[in-house]
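Input: a single structure, listed below in structure tokens.
Protein chains in written order, with our numbering: chain A, 104 to 357; chain B, 350 to 1191.
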């Protein structure tokens, strides 16, 4: 039961979770989605959160991403604690400090790819950094598709545009929720490679929720959740080690 | 399938409620109008039946619609008729109009539409032994200086038996005061519908209306039990001298009631037109709602198809929803319509037409009309979206997101252009009056153009929407760009929603232009033709005592008084003006193009140039002129040039009118003065005792003439306001449905940092685009319609075409407000969406 709590100095931590609990319902019907999770997400690392359905991995991500709030405990993004923030401040935080890649429906259908990419900046009425924008577009490889609407793009291309949008604002942390869940394996590999390069080449902190061991193998670190707790962790994973870890924690599997 | 349709209906209560609202309003209008006009006609039939005897003996050619005349039947006839077989009793009546009761507060009672009747009081029973008016307190007047009043007039005036009542009459006697000795009423229900009745003894009535002649205006013969009206009338007729006729009470009552119903018939038509407008506007709302609902349910419908439902069944299930909705809306509309009828009734009571004593009539026809209109409109509006469901393939149930197939825009443009052209042609033909029933062509043409524009709107509005989108992006950044893009995303939906507003506003705009032009024309006519310094006239053109003119002429500072009177037979009779030769020459400036004014003696006429040309008459011919005692052939002694202050197309001498039986009273005076200060006060003093008569200078006269136009326009605006309300609900509905449809997108936008106020602004901006688009199209079309209408009315004396740009600017500004208001609820709803759930929703 190791965590990175004491492993890294605070300055290198992009997000911290302290004893986070999230419950639904009351009394006998109470469900503990998160049960005292403590976790440090190190800056520049590509982390995968894994776990079976109902393990709390999505809830954990939503709480970290300022989309949801825990029942108790703390969540820090950079040096900002999320507890007690109003909707307005949470919105600003999501806009400026966090990037998102969802499983599907990532793009506004009325806007072109380029408009989608710079949407968070233009909502904030800021000019995107042109040089960085070009770098991101280069990395993502969708330059010829910038003028296209989402419905003119393939699923893989749409996800790459979503990644570009998440990166272009240089957020403190990028959250990706099953980003390859709807893609064929080739397109999925492209997107995962893109995320890995973003972390390695540009030092972007990325957290990805997945249940796919292959996807997890692209990351630097895998955190395994079960029943709302962190039950295991793996560094520099490959497909086999991930599978082995998950098997170890699957009750009565064999 | 039936259950599935019902379930899905119940699952969308709020959305459907809003589209039902449009049906409810339309049906309510139809029902309210029908109920009210049935009630009105029943009430007049009942009233008329109780105000005629079994057989009415009267001078021949009596026109039931014209004012009572001074033509009489000999009093001796009463005794003669008493001897006839089957006659139980015979009573002579003296009846006249223009006996106004002045309330204790000094204000005139009634007098603003329904007649102010005066007459001798007899206790003769009405035909068929109907309960007519009876004395319900006090006694009948017996001598000069005693009167009785109907109960509602006495009540309104605050008079009780024993008090002195002030009366104003259009007769020579002017004002008089009499003691109230009795009150009459309808003990078994019924009312005078707002008319007032003052009863005198027979002698006084003859003094007042017949200059003391011992005669009657008509005679009632009451049948003995067992004698029919027809038999009695036949035997009475045999005993009558020439020039006197006997009609049955039924006939006389029908005649009178028909005339009144024709007079209020325009009102029924008018209200039904607005019912139609509400329904057309409502149909847009229904088409839109069902389109969106079908689009949203396409997956569900595809699932039904996959489970084995046939295309027909799916289509039918949508139509079934429409049927249920139509029935529901019609039922609510029926109830609301009754309330509306009560509302119209009390509105009319304000103007003096009091129907409170009459229960509302709900004819089977009204109920059938309500359901027919509601269900047919709903189902035909739902038919277009329902038909589209046949293109949903079962396999689409498996897909993630499916787009509803839409009809091609090119076809809609084509249909729209064809309709606009056809409508334009019909409008032009109607306006040029080159077709029979031109009004139908005008109405149909306008409707076709509106529907054509609505159909072509997704294409022709595109540049406007694109421009708005560009402007939004400049002004409001990415929030504006998103809103603009949203309005372009489904141009059919955007434009269908705005079309409802377009229709309402285009009609409002047309009315604004017509009203403004009419007022400008009135002003211009008055300015060009107002002669003298003051005009004296009465409230509704009723005549007033000639004493007024005589007294004014005697005032110091008054140079001359020019008196004009007129007579019109029925509601569509050609008006006949009468004035002395000197008045015609010096006061009214009548300019003869043919003949000589000096030739105008009693029994001859002058004709208006246009009228003479229409009738093909020239000097020396005999013109058929309808006067109080029927048609007369009078010699034409001159043709005069168009003259706006001569009211009739035919001009004769005052004596000619009096001889024919019109009262010796004036309708209109022009007063020339030396403009000394205090003139107005001095003139006002003369008519102080006659509240119906007013003295106006040019401004005052112009304002008085403009007032009815203003009232009319205001009333139409109020009715069009309902169409606008439906349009606003349409926008609310469309936005709310669009937001439900775009839940995930809203969630995404919120997740990547769009704040709640920004989201609200986005929805509001989208709403404003819709409403402003509707307003711009509406105002443009309205200006077109208005100018076309006014252009065709040029020759009717409405020469000025005036576009009230201020008012039109207000319409546009109001549309922005409408947009903002319509967005309130949908925007709130969008802002409240839970981000997580929105992202996760299907």
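Note that CB positions come from ideal geometry on N, CA and C, so glycine has one too.
Residue 508/B, buried or exposed, once every other Cβ within 10 Å from all chains shown has been counted against 16: By the C-beta density criterion, residue 508/B is buried, having at least 16 other C-beta atoms within 10 angstroms.
Examine chain A for any beta-carbon lying closer than 9 Å to the beta-carbon of residue 830/B, and answer yes or no. Answer yes: the Cβ-Cβ gap between residue 830/B and chain A drops below 9 Å somewhere.
Can you round the beta-carbon distance between residue 167/A and residue 310/A to whole angstroms, since I take them to be within the 8 Å contact cut? Contact flag correct, Cβ pair sits at about 7 Å.
Cβ shell of residue 598/B (< 7 Å), same chain only, five flanking positions each side left out: Same-chain partners within the cutoff: 401, 402, 403, 404, 405, 476 and 578.
Residues of its chain near residue 340/A, where Cβ-Cβ distance is below 7 Å and the 5 sequence neighbours each way are ignored: The residues are 319, 320, 322 and 325.
Whole-angstrom C-beta distance between residue 505/B and residue 458/B, which should lie under 8 Å: Contact check for residue 458/B and residue 505/B: beta-carbon distance about 5 Å, within the 8 Å limit, so the pair qualifies.
Is DSSP giving residue 115/A helix, strand or coil here? DSSP places residue 115/A within a helical segment (H, G or I) once states are collapsed to three.
By Cβ distance below 6 Å, which residues in the same chain neighbour residue 1105/B in space, the five residues on each side in sequence not counted? These residues qualify, in order along the chain: 1180.
From residue 137/A to residue 651/B, what does the alpha carbon distance come to, in whole angstroms? If I take the Cα positions, the gap works out to 39 Å.
Indicate the three-state DSSP secondary structure (helix, strand or coil) for residue 1064/B in the structure shown. Three-state result, residue 1064/B: helix.
Across the segment 860-868 of chain B and the segment 1020-1028 of chain B, are there enough close Cβ pairs to call them in contact, namely three or more that are closer than 8 Å? The segment 860-868 of chain B makes no contact with the segment 1020-1028 of chain B: fewer than 3 CB pairs, one atom from each, lie closer than 8 Å.
Taking C-alpha atoms, which residue in 569/B, 906/B, 956/B and 895/B lies nearest to residue 924/B? That would be 956/B, whose Cα lies nearest to the Cα of residue 924/B.
Can you check whether the CB of residue 826/B is closer than 9 Å to the CB of residue 228/A? It is a contact, given that the beta carbons lie within the stated cut-off.
What did DSSP end up calling residue 248/A once you bin it into helix, strand or coil? In the structure shown, residue 248/A sits in a helix (DSSP, three-state: H, G or I).
Counting only Cβ pairs nearer than 9 Å, list the residues of chain B close to residue 155/A. Going along chain B, no residue has its Cβ under 9 Å from residue 155/A, so there is no contact; the nearest lies around 19 Å.
Is the CB-CB distance between residue 909/B and residue 940/B below 9 Å? The answer is no: Cβ separation not under 9 Å.
Would residue 527/B and residue 541/B be called neighbours here (beta carbons separated by less than 9 Å)? In this structure, residue 541/B does not lie closer than 9 Å to residue 527/B by Cβ.
Below 7 Å on C-beta distance, what does residue 1100/B contact in chain A? 170, 197 and 203, listed in chain order.
For residue 470/B, the three-state DSSP class (helix, strand or coil): DSSP, read as helix, strand or coil, puts residue 470/B in coil.
How about residue 55/A and residue 253/A: do their beta carbons lie closer than 9 Å? For chain A, the structure presents residues 104 to 357; residue 55/A sits outside this window and is missing.
With respect to the alpha helix (DSSP H) encompassing residue 877/B, which residues constitute its N-terminal and C-terminal limits? Boundaries of the alpha helix (DSSP H) harbouring residue 877/B: 840-878, taken from the DSSP string.
Alpha carbon to alpha carbon, what distance is there between residue 294/A and residue 641/B? The alpha-carbon separation between residue 641/B and residue 294/A amounts to approximately 35 Å.
Which word fits residue 1166/B, buried or exposed, when buried means at least 16 other C-beta atoms lie within 10 angstroms of its C-beta? So residue 1166/B ends up on the exposed side.
For residue 1071/B versus residue 1125/B, is the C-beta spacing smaller than 9 Å? No. Outside cutoff.
From 399/B, 1067/B, 897/B and 563/B, pick the residue whose C-alpha is nearest to that of residue 1016/B; which is it? Put simply, of 399/B, 1067/B, 897/B and 563/B the residue whose alpha carbon is nearest the alpha carbon of residue 1016/B is 897/B.
Look at residue 1075/B and residue 849/B and say whether their C-beta atoms are less than 9 Å apart. Between residue 1075/B and residue 849/B, the CB-CB gap stays under 9 Å.
Would you mind listing the alpha helix (DSSP H) stretches within the segment 251-298 of chain A that are 4+ residues and don't spill past its ends, in chain order? Annotation note: the segment 251-298 of chain A contains the following uninterrupted alpha helix (DSSP H) runs of length 4 or greater, listed N- to C-terminal: 258-271.
What whole-angstrom Cβ distance do residue 510/B and residue 486/B have, given they're in contact under 8 Å? Rounded to the nearest angstrom, the Cβ distance from residue 510/B to residue 486/B is 6 Å, consistent with a contact under 8 Å.
Keeping to the same chain, check which residues put their C-beta closer than 6 Å to that of residue 874/B; ignore five residues upstream and five downstream. Setting aside the 5 residues that flank it on each side, residue 874/B is surrounded in the same chain by 993, each with a C-beta closer than 6 Å to its C-beta; the list follows chain order.
Quick one: Cα of residue 906/B to Cα of residue 1032/B, how far? A straight-line Cα-Cα distance of about 10 Å links residue 906/B and residue 1032/B.
Between 514/B, 858/B and 792/B, which lies nearest to residue 1066/B when the distance is taken from Cα to Cα? Checked all of 514/B, 858/B and 792/B; the closest Cα to residue 1066/B is 858/B.
Does the separation of the CB atoms of residue 298/A and residue 203/A fall below 9 Å? Against a cut-off of 9 Å, the Cβ pair of residue 203/A and residue 298/A comes out as no contact.
Counting only Cβ pairs nearer than 9 Å, list the residues of chain A close to residue 736/B. Against chain A, a Cβ distance below 9 Å from residue 736/B picks out nothing, because the smallest value is about 25 Å.
Return helix, strand or coil for residue 1156/B, following the three-state DSSP convention. Residue state, collapsed to three classes: helix.
Can you tell me where the beta strand (DSSP E) holding residue 883/B begins and where it ends? Unbroken beta strand (DSSP E) run through residue 883/B: 883-887.
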